[in-house]
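Everything on this sheet refers to the single structure shown next.
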Amino acid sequence: MNKNHRVQSSRSLSAVEVKSKFGAEFRRFSLDRSKPGRFDEFYGLLQHVHRIPNVELLVGYADVHGDLLPINNDDNYHKAISTASPLLRLFLQRKEEADYTAFGTDSLTRKKNTVLSAVLLRPDTNRKKPPVIISLPRDFRPVSSIIDVDILPETHRRVRLYKHGQEKPLGFYIRDGSSVRVTAQGLEKLPGIFISRMVPGGLAESTGLLAVNDEVLEVNGIEVAGKSLDQVTDMMIANSHNLIITVKPANQRNNVVRSGGGGAASGSSGRSSDSGASYYGYSSQAAAASMPTHIIQNFPVDELESDDEDLVIEAGGEAEPIRRAPSNYSMPSLPRYEPHLNLRTATTSVSASALSINANGTLPASGSSGSLSNTNATSTTSSPDRAMERRSLEEDGTVITL
Amino acid sequence: MKRFRRHGQESQRDRLKQELFQFNKTVEHGFPHQPSALGYSPSLQLLAIGTRSGAIKLYGAPGVEFMGLHDENAAVTQVHFMPHQVELVTLLDDNSLHMWTLRGHKGLSELLEIGRFTLTGPPGAPPSVTRVTAVLAHTSGELLLLGTEGGHVFIVEVPGFRELEERNISLDQVAASVPDDYIGRRNLEHVEALQENPINPNQVVIGYGRGLMVIWDLEKRCAIQHIPATQQLESVWWTEDGSYILSSHSDGSYCRWMVGGEDVNDEEEKSDIPYGHFPCKAISKIIQLPTEEGPPFLLFSGGMPRASYGDRHCITVIHCKTHVALDFTSRIIDFFVIRDGLQHTGDPSALVVLVEEELVVIDLQTDCWPVIQTPYLVPLHSSAITCSHHVSAIPLKLWERVIAAGELQNTHYSKKPWPITGGQNLAPDPPQRDLLLTGHEDGTVHFWDASGVCLYPLYKLSTAGVFHTDADPNDNMNQGAEGEWPPFRKVGCFDPYSDDPRLGIQKIHLCKYSGYLTVAGTAGQILVLELNDEAAEQTVEAKVVDLLQGQEGFRWKGHTRLDVREEPVLFPPGFQPFALVQCQPPAVVTALTLHSEWKLVAFGTSHGFGLYDYQQKNTVLIKCTLNPSDQLAMEGPLSRVKSIKKSLRQSFRRIRRSRVSLRKHHVNNTAKLQEANARLEAELAEMELAPVQRKIEARSSDDSFTGLVRTLYFADTFLSDSSHNTPSLWAGTNGGCVFAYMLRLPPVEHRADEPVTAQPAKEIQLMHRAPVVGIVVLDGHGAPLPEPLEVAHDLARSPDMQGSHQLLVISEEQFKVFTLPKVSAKMKLKLTAVDGSRVRRVGVAWFCSSRTEDYGESGLVVLTNQGDVHVVSLPHVKMQVQYPCIRREDVSGIASCVFTKHGQGFYLISPSEFERFSLSTCYLVEPRCLVEAPLHSGSSSQRRSQPDGASSTHRTRQDSEDAEVLQEIQKSLEGDQTSFLENNVKSAVA
């Protein structure tokens with residue numbers, strides 16, 4: 001199939017030849033490489049040339065390596081146009097019948113044929129087990145994130161878990177324990193709260209951001225020091241719809257290393273959590289000096305109003321989520337720390353995934369993480385607006401149980 | 001500018017907070033837990049009780065009470081007043097002696113510890129040498145004689161605790177003079193008793209454990225006489241004329257010995273085993289007191305035949321031909337006799353017995369020796385307390401009717417006034433009449449006068465008569481049978497055995513204006529009662545309400561419904577039941593409220609709730625709240641929490657039993673106790689360690705007991721539109737759900753025949769799904785709606801119906817205000833998310849300013865599971881103050897807490913004691929009393945005799961010279977008057 005289009009025409013420098021396939025039908029047209037326009041215009045054009053104005057489409061293209069990649073925003077559209085050489089081969093699918101598995105990324109280990117054959121709706125019956133289903137980037141929504149990386153000590157990690165009313169349990173247990181701290185009086189053993197168990201398949205486990213024996217330092221910005229296990233449990237449950245816990249990970253190898261920090265030695269000392277609390281002392285002098293004695297939050301706690309969607313049912317009427325009375329407050333604004341969702345250049349250098357993906361199922365903890373972050377990097381950074389819009393919708397969604 | 005102003009406002013608010021709120025634990029009501037020692041001062045007329053936890057409590061005339069706590073956490077084993085002084089000495093389990101005094105301060109007396117002392121023996125001596133077993137406070141008031149386990153008697157000068165070594169009576173000195181033929185001369189054992197010769201203070205008798213008694217002359221420092229008893233000695237009594245010594249022994253015998261100068265007479269005069277033939281238990285204490293004319297009184301404790309009545313706790317009183325074995329329901333700690341006359345040397349007038357669970361006073365001058373009702377130290381736990389309910393400011397009419405009904409129940413009590421009359425009660429008369437109602441496991445409701453320092457029993461209601469119970473009717477018949485030996489007579493009211501646990505009272509609601517009362521119990525029974533001054537025979541018709549409403553697939557695994565008596569039952573004057581609802585399944589009633597104006601009762605269980613019209617005697621509404629997947633709710637009342645409580649109780653009982661069996665003064669006493677304590681601690685630790693980890697999971701609708709109804713509330717408010725207010729019923733569940741029903745009541749003239757209807761109007765599902773523990777509707781001014789009939793009785797301003805009403809929903813996790821009629825969130829206060837504590841108890845209270853008379857505001861009083869009390873302002877739900885109140889481990893204390901409408905509260909500190917606390921600066925009920933040092937012996941110590949009737953427990957004797965006290969009284973009286981204006985006074989600032 002490919003060899004038919006190897007001929008380089010003279011026009012190819014300025015125009016991109018497009019061959020678009022929808023079902024059994026092909027359409028051919030060309031685009032100006034220098035002025036590709038926006039994705040939605042392109043999308044409209046595709047619907048127009050195929051005469052399918054009302055069909056929701058999934059647009060994919062074959063890249064230089066023969067991988068099928070999605071086009072669903074301006075960025076990957078421009079990428080597709082710029083890399084087309086010279087033919088841009090598009091594969092359109094009805095959204096409702098879309099075969100997400102076809103979007104392969106791991107081209108080096110797979111034959112081009114298998115990728116494309118999948119696209120060409122030739123089901124491969126020899127496949128042993130269904131691969132992990134990963135939705136398209138535009139359907140992604142955060143289920144957890146690392147936040148406040150810029151203000152926390154390197155040894156700490158602040159993790160936000162988004163419950164969003166989904167079915168998946170938060171899925172972890174906490175216990176009492178003790179940690180050794182370096183204080184002015186020397187080593188001191190202090191009581192602390194630790195993560196004791198992860199529920200397989202739970203939200204906490206699937207994010208990979210929390211682990212057994214991580215010490216819990218704060219819950220939604222409030223220090224747990226001096227609080228009993230039951231109090232901390234109740235605090236976490238009370239915040240379960242938008243739980244932000246600051247932990248000191250038991251495994252300190254995956255810590256974020258900041259380029260400006262000067263604490264190159266820190267973070268690389270993997271020690272067990274209960275005894276390894278002397279990280280304050282362990283890191284370099286400069287880092288220790290700059291470290292605040294108590295942890296600053298850069299999010300105001302009362303902005304986290306995600307639990308504010310009580311449901312009221314009037315007699316005989318429909319259920320509606322309760323809105324705030326307009327007289328008192330404005331609509332809850334989006335939390336300020338949203339930008340942290342995006343990968344920062346500083347953090348991408350570390351292997352810890354600062355943003356994990358809702359896998360709509362089970363995401364193997366090992367495996368395709370490297371390539372995943374690749375995809376994410378393109379998609380999330382490119383469409384922050386949509387992601388935010390999407391989330392604000394989700395936060396209004398309420399589970400109705402009647 | 002703005003910042004300055006705000007700052008100013010804040011400090012103004014802070015000042016106002018100080019004027020409104022202040023936390024005090026004021027007084028402990030009820031009977032001290034685990035009493036261990038009793039003392040009495042005839043000259044002060046004060047009674048002292050020491051407890052196992054190291055507390056010392058003094059009681060005099062009603063309202064006169066003092067409390068002290070030893071720093072050492074050791075049991076008080078002996079209490080001795082110094083004769084004719086205001087000092088007393090306590091001996092603790094750890095062998096330390098403590099001197100306490102009542103010191104005047106600003107016109108009031110306070111109990112202070114002024115010294116402590118531990119005997120130090122010679123270096124190298126074993127600890128038993130100085131282990132104190134007997135204490136004698138010498139009548140000189142300057143000496144303490146301390147008998148020890150080693151058999152020595154140490155003499156100590158008080159109050160300085162200076163050892164007078166040269167005067168000590170060592171065992172060697174005594175042993176040297178013991179006649180050679182005395183069997184036990186090689187080992188006299190410990191000093192068991194020390195007694196002073198009533199007519200010669202220089203002579204004391206030293207009783208040794210082995211049986212030997214030695215009369216010792218303190219002046220000459222030599223033995224005068226030896227009394228060679230051969231049985232293990234338990235106690236010694238020197239008769240008043242000084243001519244005889246009585247000794248009681250471990251084999252249940254007692255002996256009388258003539259005291260004479262010559263050794264010839266030392267043969268035992270008379271020996272007797274009163275309940276003899278078969279082996280008897282020890283007589284632990286014996287007393288003989290003369291009467292003006294006629295034979296003396298002989299009183300002794302114990303001595304029962306070991307095999308047949310060894311488990312009885314008896315005190316035998318013998319006078320003339322009368323011989324009674326007073327049979328108590330718990331272990332006897334100690335007893336004493338109060339005597340007539342100015343110098344307390346006359347005829348015995350009353351026997352005061354401290355048993356483990358109550359104080360019993362017996363009138364020895366009236367025929368049949370009736371019991372005198374105690375005005376304080378009443379055992380709250382005669383049957384275990386299961387719930388309590390407080391009603392403030394009872395109208396006089398109802399108060400008098402309740403008292404009248406109670407008096408009819410108390411005809412078996414002696415008419416004599418309370419014989420312990422020491423001290424003066426300087427507390428002002430209580431500003432209002434308050435009732436505390438306690439529900440008990442045996443189905444009774446006790447009405448207590450909670451207005452003042454003395455929690456005085458007014459009336460007792462029993463609901464058991466409505467039902468057939470398993471009670472054995474012969475239970476009360478087998479006492480007092482003719483010719484029975486020993487001649488037992490049951491005394492005391494402590495009866496921990498419930499006939500049927502299903503009778504237990506769980507919820508109480510009393511309407512103080514109409515006299516309607518509703519109580520609900522463990523087996524889903526709801527009784528509506530009416531106060532009737534006459535006895536009446538009536539049938540109580542039961543209405544069974546199916547709360548499952550046809551939900552399939554559930555099978556109740558708990559107890560069955562109570563069996564109702566079909567025949568008419570005779571109810572004594574007082575509260576008489578006229579309507580009965582029985583829930584099906586018969587689960588424990590978890591919420592109950594009564595609206596006497598609408599004549600409706602709402603009740604809820606773990607399965608749903610219902611509304612009952614007690615005028616027409618039919619159900620208006622039944623709503624099932626049970627989650628279809630919740631099978632746990634069908635398990636019955638044996639929830640996990642309960643079983644922990646149960647196992648705790650069992651282990652306590654086990655320990656108590658093992659402690660009871662410990663004989664006093666034995667070496668292994670402490671060892672055994674420690675062992676028992678260690679076992680308890682291990683059990684507790686195990687219990688706490690078992691769930692080492694806690695699951696973190698958001699609440700879901702599938703959780704168990706989400707349908708359990710936690711709170712019910714009636715309100716006349718705007719439910720559907722903002723122009724018409726209607727009666728409404730609100731219910732809150734464990735799953736964070738609030739149901740609102742609009743009620744339609746027929747006009748008054750058709751109230752009896754037209755039906756009451758209820759329509760569902762709203763349902764609010766709180767997103768955080770925490771249990772709803774309280775619902776309050778605030779009127780247009782932001783004040784809580786008044787109670788039913790309150791406005792009709794002109795005791796509250798009518799609620800503001802012009803402004804828009806607000807709904808306050810209190811969940812365990814947060815306080816949330818919604819607008820009405822359109823329910824939208826207005827503001828909230830988060831508790832759990834911020835500090836991890838959860839709301840356990842909540843109430844609305846009125847606080848008035850201590851400075852400005854006319855200022856007051858209502859607020860929410862909240863008790864959290866951490867044991868802290870908070871005040872939250874209304875209607876803005878802002879945290880005002882926070883005080884630690886109860887230890888967070890004290891789960892039953894927290895669960896028992898009840899708030900009053902004026903910012904006070906009660907909670908159980910032990911099964912038998914309520915601690916009273918106050919958050920208000922104006923409402924403080926605390927003892928204020930004065931005890932004056934008695935003029936030295938020979939003159940009257942009591943200025944007036946007090947005709948102290950049971951009903952007149954509150955007396956103010958103001959010392960007019962003490963301007964300060966007066967002023968304070970005046971101030972609190974004024975404060976109280978303003979508070980009478982009550983809840984709904986809207987203040988401009990609020």
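From first to last, the protein sequence lines stand for chains A and B.
The first sequence runs 1 to 402 under UniProt numbering.
The second sequence runs 1 to 990 under UniProt numbering.
All C-beta atoms in this analysis are idealised placements derived from N, C-alpha and C, irrespective of residue type, glycine included.
For clarity, every value in this text was computed on a predicted model and none was experimentally measured.
Span separating the alpha-carbon of residue 310 of chain B from that of residue 272 of chain B
In the second sequence, residue 310 of chain B corresponds to position 310, counting from 1. In the second sequence, residue 272 of chain B corresponds to position 272, counting from 1. Rounded to whole angstroms, residue 310 of chain B to residue 272 of chain B spans 18 Å at the Cα level.
Item checked: Where the segment 821-833 of chain B meets chain A: residues whose CB sits under 9 Å from a CB there -> 822, 823, 824, 825, 826, 827, 828, 830, 831, 832 and 833
Residues of the segment 745-779 of chain B in Cβ contact with chain A at a cutoff of 8 Å, in chain order, please. Those residues of the segment 745-779 of chain B that come within reach of chain A (Cβ to Cβ, closer than 8 Å) are 759, 760, 761, 762, 763, 764, 765, 766, 767, 768 and 770.
Query raised in the report: Taking Cβ-Cβ distances shorter than 9 Å, what residues in chain A pair up with residue 699 of chain B?
Result: By 1-based counting over the second sequence, the position of residue 699 of chain B is 699. Correct list: 237 and 240.
Inset, instruction - Would you decide whether residue 71 of chain A is buried or exposed? Buried here means 16 or more other CB atoms lie within 10 Å of its CB. - result: One-based indexing of the first sequence puts residue 71 of chain A at position 71. Buried, since its Cβ has 16 or more Cβ neighbours within 10 Å.
- Query: Is it right to say residue 114 of chain B is buried, meaning 16 or more other beta carbons lie within 10 angstroms of its own, or is it exposed?
  - Reply: As a position in the second sequence, residue 114 of chain B is number 114, starting the count at 1. The Cβ neighbour count for residue 114 of chain B, taken over all protein chains shown within 10 Å, is under 16; the residue is labelled exposed.
Chain-ordered neighbours of residue 836 of chain B on chain A, where CB pairs are closer than 7 Å: Numbered from its first residue, the second sequence carries residue 836 of chain B at position 836. Within 7 Å Cβ-Cβ: 227, 231, 232, 234 and 235.
Exercise for review: Report yes if the C-beta distance between residue 27 of chain B and residue 927 of chain B is below 9 Å; otherwise report no.
Suggested key: Taking the first residue of the second sequence as 1, we reach residue 27 of chain B at position 27. Taking the first residue of the second sequence as 1, we reach residue 927 of chain B at position 927. Going by C-beta atoms, residue 27 of chain B is nearer than 9 Å to residue 927 of chain B.
### Query
Using the beta-carbon count (16 or more within 10 Å), is residue 305 of chain B buried or exposed?
Here residue 305 of chain B corresponds to residue number 305 of the second sequence, with the count starting at 1. Per the 10 Å Cβ criterion, buried.
field: residue 295 of chain B to residue 204 of chain B span [Cα, whole Å]
entry: Numbered from 1 along the second sequence, position 295 holds the residue referred to as residue 295 of chain B. Numbered from 1 along the second sequence, position 204 holds the residue referred to as residue 204 of chain B. The straight-line gap from Cα to Cα measures roughly 25 Å.
Point to revise | Bridge partner(s) assigned by DSSP for residue 62 of chain A | key: Counted from its first residue, the first sequence places residue 62 of chain A at position 62. DSSP output for residue 62 of chain A lists A/68 as bridge partner(s).
Checklist entry - When you compare only the Cα positions, how much space is there between residue 537 of chain B and residue 569 of chain B? => result Counted from its first residue, the second sequence places residue 537 of chain B at position 537. Counted from its first residue, the second sequence places residue 569 of chain B at position 569. Spanning the two alpha carbons is a distance of roughly 5 Å.
Taking buried to mean at least 16 other C-beta atoms within 10 Å of its own C-beta, is residue 706 of chain B buried or exposed?
By 1-based counting over the second sequence, the position of residue 706 of chain B is 706. The residue is buried, with at least 16 neighbouring Cβ atoms inside 10 Å.
Short Cβ contact (9 Å threshold) for residue 260 of chain B with residue 200 of chain B
By one-based count along the second sequence, residue 260 of chain B stands at place 260. By one-based count along the second sequence, residue 200 of chain B stands at place 200. Contact: no.
Check whether the Cβ atoms of residue 18 of chain A and residue 84 of chain A sit closer than 9 Å, and answer yes or no. What you label residue 18 of chain A is simply residue 18 of the first sequence in a count that begins at 1. What you label residue 84 of chain A is simply residue 84 of the first sequence in a count that begins at 1. Their beta carbons are under 9 Å apart, which means residue 18 of chain A touches residue 84 of chain A by this criterion.
Please check if any C-beta of chain A sits within less than 9 Å of the C-beta of residue 866 of chain B. Taking the first residue of the second sequence as 1, we reach residue 866 of chain B at position 866. Residue 866 of chain B counts as touching chain A.
Near residue 399 of chain B, which residues of its chain fall below 6 Å by C-beta distance, leaving aside the five closest residues on each side in sequence? As a working note, residue 399 of chain B is residue 399 in the second sequence. In the same chain as residue 399 of chain B, and ignoring 5 residues on each side of it, the C-beta atoms closer than 6 Å to its own belong to 433, in chain order.
Exercise. If we cut at 9 Å on Cβ distances, does residue 552 of chain B have a partner in chain A?
Worked result: As a working note, residue 552 of chain B is residue 552 in the second sequence. With 9 Å as the cut-off, residue 552 of chain B does not count as an interface residue toward chain A.
Check: Who are the Cβ neighbours of residue 89 of chain A in its own chain at under 7 Å, not counting the five residues just before and after it?
Finding: For the purposes of this step, residue 89 of chain A is taken as the residue at position 89 of the first sequence. Result list for residue 89 of chain A: 19, 61 and 62, in chain order.
Next item on the list: Just tell me which of B/175, B/459 and B/285 has its CA closest to the CA of residue 193 of chain B.
Entry: On the second sequence, residue 193 of chain B is found 193 positions in, with the first residue counted as 1. Of the candidates B/175, B/459 and B/285, the one whose C-alpha sits nearest the C-alpha of residue 193 of chain B is B/285.
**Q.** Cβ pair residue 922 of chain B, residue 818 of chain B closer than 9 Å
**A.** Position 922 of the second sequence, counted from the start, is the residue given in the question as residue 922 of chain B. Position 818 of the second sequence, counted from the start, is the residue given in the question as residue 818 of chain B. Residue 818 of chain B sits away from residue 922 of chain B, with the two beta carbons spaced by 9 Å or more.
(request) Consider the Cβ of residue 169 of chain B: report whether some Cβ of chain A lies at a distance smaller than 9 Å. (result) Position 169 of the second sequence, counting from 1, holds the residue named residue 169 of chain B. Cβ-Cβ to chain A under 9 Å: no for residue 169 of chain B.
Do residue 553 of chain B and residue 586 of chain B come within 9 Å of each other at the CB atom, strictly closer than that value?
Indexing the second sequence from 1 puts residue 586 of chain B at position 586. Indexing the second sequence from 1 puts residue 553 of chain B at position 553. In this structure, residue 553 of chain B does not lie closer than 9 Å to residue 586 of chain B by Cβ.
Same chain, Cβ closer than 6 Å to residue 882 of chain B, neighbours up to 5 away in sequence not counted:
Taking the first residue of the second sequence as position 1, residue 882 of chain B is located at position 882. Here the set comprises 868 and 870.
Distance cutoff 9 Å, beta carbons only. Does residue 696 of chain B sit that close to anything in chain A? Looking up residue 696 of chain B in the second sequence gives position 696. For residue 696 of chain B, the answer is yes, since a Cβ of chain A falls inside 9 Å of its Cβ.
Exercise. Residue 130 of chain B: beta carbon under 8 Å from a heavy atom of the ligand NAP?
Worked result: In terms of ligand content, the structure shown is empty, and the ligand NAP therefore cannot be addressed.
Is the CB of residue 359 of chain A under 9 Å away from at least one CB in chain B?
Here the question's residue 359 of chain A lines up with position 359 in the first sequence. In this prediction, residue 359 of chain A has a pLDDT of 37, which is less than 50 and means its spatial position is unreliable; what the coordinates show is noted afterwards. Answer no: the Cβ-Cβ gap between residue 359 of chain A and chain B never drops below 9 Å.
Quick check: the Cα distance between residue 16 of chain B and residue 849 of chain B, rounded to an integer number of angstroms? Your numbering for residue 16 of chain B matches position 16 in the second sequence. Your numbering for residue 849 of chain B matches position 849 in the second sequence. Using only the alpha carbons, I get a separation of about 8 Å.
Out of B/905, B/800, B/396 and B/724, which one is the CA nearest neighbour of residue 841 of chain B? If you number the second sequence from 1, residue 841 of chain B lands on position 841. Comparing Cα positions, the closest option is B/905.
Give me the residue from B/227, B/216 and B/162 with the minimum Cα distance to residue 179 of chain B.
In the second sequence, residue 179 of chain B corresponds to position 179, counting from 1. Of the candidates B/227, B/216 and B/162, the one whose C-alpha sits nearest the C-alpha of residue 179 of chain B is B/227.
In the DSSP assignment, the beta strand (DSSP E) including residue 868 of chain B goes from what residue to what residue? Along the second sequence, read from residue 1 onward, the residue named residue 868 of chain B stands at position 868. Segment 868-873, the beta strand (DSSP E) holding residue 868 of chain B.
Exercise. Can you give the beta carbon distance from residue 698 of chain B to residue 170 of chain A, rounded, assuming they're within the 8 Å contact cut?
Worked result: One-based indexing of the second sequence puts residue 698 of chain B at position 698. One-based indexing of the first sequence puts residue 170 of chain A at position 170. Residue 698 of chain B to residue 170 of chain A, Cβ: 6 Å. Contact.
* To do: Please look up how many angstroms separate the CB atoms of residue 153 of chain B and residue 160 of chain B, rounded, as I've assumed it's under 8 Å.
  => Numbered from 1 along the second sequence, position 153 holds the residue referred to as residue 153 of chain B. Numbered from 1 along the second sequence, position 160 holds the residue referred to as residue 160 of chain B. Contact doesn't hold; Cβ gap of about 19 Å is too wide.
Any beta carbon from chain B within less than 9 Å of residue 403 of chain A's own beta carbon? Residue coverage of chain A in this structure runs from 1 to 402, which leaves residue 403 of chain A outside it and unanswerable.
Looking at C-alpha atoms only, which residue of B/25, B/87, B/800 and B/30 is the closest neighbour of residue 494 of chain B? By one-based count along the second sequence, residue 494 of chain B stands at place 494. The residue with the shortest Cα to Cα distance from residue 494 of chain B is B/30.
message = So for residue 9 of chain B, helix, strand or coil by DSSP?
response = Here residue 9 of chain B refers to the residue found at position 9 of the second sequence. Of the three classes helix, strand and coil, the one that applies to residue 9 of chain B here is helix, per DSSP.
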